[in-house]
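Notes to accompany the following structure.
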Amino acid sequence: MTEIDPHHRPSLAPRVRLQIDTVRQEPVLLYPEGLLVLSPTAHEIVRRCDGHTSIESIVRSLGDEFDATEEILRQDVLETLADLQQRNLIVLDP
Amino acid sequence: MTPRPYALLAELTYRCPLHCPYCSNPATHTGGEELSLDEWTRVFAEAAALGVLHLGLSGGEPLARRDLPKLVTAARQVGLYTNLITSGVGLDANRARELQAAGLDSVQISFQSDDPAQGNTIAGSKAHDAKLEAVRLVHDHGLALSLNVVIHRLNIDRLPQIIAFAESLRPERLELANVQYYGWALRNRNQLLPTREQAQTALLVAQKAQARLKGKMDVVYVLPDYLQDRPKPCMQGWGRHYLTVNPAGDVLPCPNAGSIPDLVFENIRQGSLASIWNESANFNRFRGTEWMPVPCRDCPQREIDFGGCRCQAALLTGQAAATDPVCALSPDREIVDRILDHAWRTEPDDGLVFRQNPQAVLS
Numbered sequence: 186m187t188e189i190d191p192h193h194r195p196s197l198a199p200r201v202r203l204q205i206d207t208v209r210q211e212p213v214l215l216y217p218e219g220l221l222v223l224s225p226t227a228h229e230i231v232r233r234c235d236g237h238t239s240i241e242s243i244v245r246s247l248g249d250e251f252d253a254t255e256e257i258l259r260q261d262v263l264e265t266l267a268d269l270q271q272r273n274l275i276v277l278d279p
Numbered sequence: 048m049t050p051r052p053y054a055l056l057a058e059l060t061y062r063c064p065l066h067c068p069y070c071s072n073p074a075t076h077t078g079g080e081e082l083s084l085d086e087w088t089r090v091f092a093e094a095a096a097l098g099v100l101h102l103g104l105s106g107g108e109p110l111a112r113r114d115l116p117k118l119v120t121a122a123r124q125v126g127l128y129t130n131l132i133t134s135g136v137g138l139d140a141n142r143a144r145e146l147q148a149a150g151l152d153s154v155q156i157s158f159q160s161d162d163p164a165q166g167n168t169i170a171g172s173k174a175h176d177a178k179l180e181a182v183r184l185v186h187d188h189g190l191a192l193s194l195n196v197v198i199h200r201l202n203i204d205r206l207p208q209i210i211a212f213a214e215s216l217r218p219e220r221l222e223l224a225n226v227q228y229y230g231w232a233l234r235n236r237n238q239l240l241p242t243r244e245q246a247q248t249a250l251l252v253a254q255k256a257q258a259r260l261k262g263k264m265d266v267v268y269v270l271p272d273y274l275q276d277r278p279k280p281c282m283q284g285w286g287r288h289y290l291t292v293n294p295a296g297d298v299l300p301c302p303n304a305g306s307i308p309d310l311v312f313e314n315i316r317q318g319s320l321a322s323i324w325n326e327s328a329n330f331n332r333f334r335g336t337e338w339m340p341v342p343c344r345d346c347p348q349r350e351i352d353f354g355g356c357r358c359q360a361a362l363l364t365g366q367a368a369a370t371d372p373v374c375a376l377s378p379d380r381e382i383v384d385r386i387l388d389h390a391w392r393t394e395p396d397d398g399l400v401f402r403q404n405p406q407a408v409l410s
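So the protein lines, in turn, are chains Y and L.
Numbering follows this note's numbering, with no gaps: position 69 of the first sequence is 254.
Numbering follows this note's numbering, with no gaps: position 191 of the second sequence is 238.
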């Protein structure tokens, strides 16, 4: 499996849809025969995965919006993306 | 509080051009008068309002419904993630384009074997080449592809070849599902049950493929539950995450619940999906853990396997509320062991019954 690198520009895998579950009021990733409920942090990360924005830029953009050090944010982003990569829900470089 | 469902399986029709002897459709049910496009549209909207996010369009063969693209449009209009579960037979370029334009999210195509001759024999139809063409069309139209291969004594020894074949078709997901014994499969259980040696070898092959393909292709392996000593967590619990609407509009906790003799199901033509989900005696009957007998009631696994499968308990012990007899802790486990003994003494091609298909009943 490809090692995640801050220069990657991740996007959701083609079969995956990010949607707000309006009944339960929570963000979910939908994919064939499964779904993943996202934590608020994971949602902020995933909605920035547009295939154009690098991981470094995602970290900076989160830093502008949330009160946390870039170091902590970078760790959150890398851990979340590694988890999604394991589940085959993101592609690192479109 | 009643849980909210996540997924709806819409069995659009029991009509099918294939004759697979492992089919889980009820062997005695014709499908009745099929729900119309308007009725399904209402079901999809009510399902979404109830919390459903995932829709499986299944059958029978859902492509037998000429209005399938309109059904997909209706599902997408209410935000459902829509997965077509098909044999692939009946998909041509025109329909693939219509389905893609309607917003279909993904397609699951079944194969019976990697080997065309064996595939055609099991399907009871020259379907293998049509399936390959369907795979090509799914890729051409940019739809997500899953493959499903049902595994049993006749093809389980080919698992390495089946996995290699599936890889060559570049799906994002491969489901290798050992037969579960309901409907037509139940009639053919003696011929389809794998031997213990076959099942052990196949499990190792599947696990190696899962490790090798991690992050590239999901490989899901559904175990042959009769050969396990703990039951499957059937439907992740009765009336918890899943519901099924069959071709005639009956609302069921699972596709096979019709095999429980004393359950009479509500129909979407007589009530709303929400009232049936929330209030029906059938849906409430096996929710939670209150209904459970010993040994399930005190078992640390009770919220993991939910006591196994209610249909299987009914089919094998006559009691829907019994512990799934697959469980080694069940007082009825000897029933499963006797079935296995008998099956292993049956030749696989001795008296195999191929699925017969209902006549078209269209509204």
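Glycine residues also receive a C-beta, built at the ideal position from the N, C-alpha and C atoms.
| query | result |
| --- | --- |
| Rounded C-alpha distance that separates residue 280(L) from residue 245(Y) | 43 Å |
| Residues of the stretch 216 to 229 of chain Y whose Cβ lies closer than 9 Å to any Cβ of chain L, in chain order | 216, 217, 218, 219, 220 |
| Chain-ordered neighbours of residue 191(L) on chain Y, where CB pairs are closer than 7 Å | 199, 200, 217 |
| Interface partners of residue 208(Y) on chain L, CB under 9 Å | 51, 95, 96, 97, 98, 99, 100 |
| DSSP state of residue 336(L) mapped onto helix, strand, coil | coil |
| Bounding residues of the beta strand (DSSP E) (the contiguous stretch that carries residue 193(L)) | 191 to 198 |
| Contained beta strand (DSSP E) runs [length at least 3] in the stretch 187 to 251 of chain L, N- to C-terminal order | 191 to 198, 220 to 225 |
| Whole-angstrom distance between residue 225(L) and residue 198(L), CA atom to CA atom | 4 Å |
| Unbroken stretches of the alpha helix (DSSP H), 4 residues or longer, contained in the stretch 104 to 128 of chain L | 115 to 124 |
| Validate contact between the stretch 255 to 272 of chain Y and the stretch 67 to 82 of chain L using beta carbons, cut 8 Å, 3 pairs | no |
| Chain Y contacts made by the stretch 123 to 140 of chain L, where a contact means CB separation under 7 Å | 126, 128, 130 |
| C-beta atoms of residue 190(L) and residue 362(L) nearer than 9 Å | no |
| Minimum Cβ-Cβ distance from residue 260(Y) to chain L less than 9 Å | no |
| 9 Å Cβ cutoff met for residue 292(L) and residue 56(L) | yes |
| C-beta neighbour in chain Y for residue 220(L), strict 9 Å | yes |
| Environment of residue 391(L) [buried if 16+ CB atoms lie within 10 Å] | exposed |
| Range covered by the beta strand (DSSP E) that runs through residue 204(Y) | 202 to 206 |
| CA-to-CA distance, residue 317(L) to residue 326(L), given in whole angstroms | 14 Å |
| Inter-residue spacing [alpha-carbon to alpha-carbon] between residue 192(L) and residue 261(L) | 17 Å |
| Beta-carbon proximity list for residue 339(L), same chain, < 7 Å, skipping 5 on both sides | 349, 354 |
| Exposure label - residue 407(L); buried when at least 16 CB within 10 Å | Because the pLDDT at residue 407(L) is just 46, under 50, the model does not fix this residue reliably, and the value given afterwards should be weighed accordingly. So residue 407(L) ends up on the exposed side. |
| Option in 131(L), 107(L), 174(L) with minimal Cα separation from residue 62(L) | 107(L) |
| Closest residue to residue 48(L) among 346(L), 381(L), 331(L), 397(L) (Cα-Cα distance) | 331(L) |
| Sheet register partners of residue 299(L) (DSSP bridge) | 291(L) |
| Contact set for residue 410(L): own chain, Cβ-Cβ below 8 Å, skip 5 residues either direction | The pLDDT assigned to residue 410(L) is 34, lower than 50, so where the model puts this residue is not dependable; a value taken from the coordinates is nonetheless given after this. So the qualifying residues of the chain are 80, 81, 82, 83. |
| As assigned by DSSP and simplified to three states, the class of residue 265(L) | strand |
| Distance CB(residue 216(Y))-CB(residue 232(Y)) smaller than 9 Å | no |
| Residue 413(L) and residue 278(L) closer than 9 Å at C-beta | Because chain L in this structure spans residues 48 to 410, residue 413(L) falls outside the shown range and cannot be described. |
| Exposure label - residue 205(Y); buried when at least 16 CB within 10 Å | exposed |
| CB contact check: residue 270(Y) to chain L, cutoff 9 Å | yes |
| CB of residue 157(L) within 9 Å of CB of residue 130(L), strictly | no |
| Under 9 Å between C-beta atoms of residue 59(L) and residue 134(L) | no |
| Helix, strand or coil at residue 306(L) [DSSP, three-state] | helix |
| Residue 207(Y) to residue 274(Y) span [Cα, whole Å] | 22 Å |
| Inter-stretch contact at 8 Å, needing at least 3 Cβ pairs: the stretch 138 to 155 of chain L / the stretch 114 to 126 of chain L | yes |
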